[in-house]
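Working notes for the structure below.
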Amino acid sequence: MIREVAQGVIRGETSEAQKERVAGLQKADNANRLRMKKTHSVKKTARKGGSRSDY
């Protein structure tokens, strides 16, 4: 009885396919985050007046 309850609560091992899927999603999310960060940076630089260093 205890084993039956424990098996319902404790999760099994994660499959290799699931690990690969999660790794791919993490890479895609990181790439999207960096792209958005770069876009935001370019936008702020344009507002400031470009990349002039004569200040």
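Numbering (the numbering used here), first residue to last: 1331 to 1385.
Each residue gets a CB set at the ideal place from its N, CA and C atoms; glycine is no exception.
No experiment lies behind these values; they were computed from the predicted model shown.
Asked                                                                                                                              : Found
Could you pull the start and end residues of the alpha helix (DSSP H) that Ser1351 belongs to?                                     : As written in the sequence, residue 1351 is Arg, which differs from the Ser given in the question. Glu1346 to Lys1378 is the extent of the alpha helix (DSSP H) around Arg1351.
Could you give the residue range of the alpha helix (DSSP H) that holds Gly1342?                                                   : Unbroken run through Gly1342: none, as it is neither H nor E.
Taking only the alpha-carbon atoms, compute the straight-line gap between Lys1368 and Asn1360 and give it to the nearest angstrom. : 12 Å
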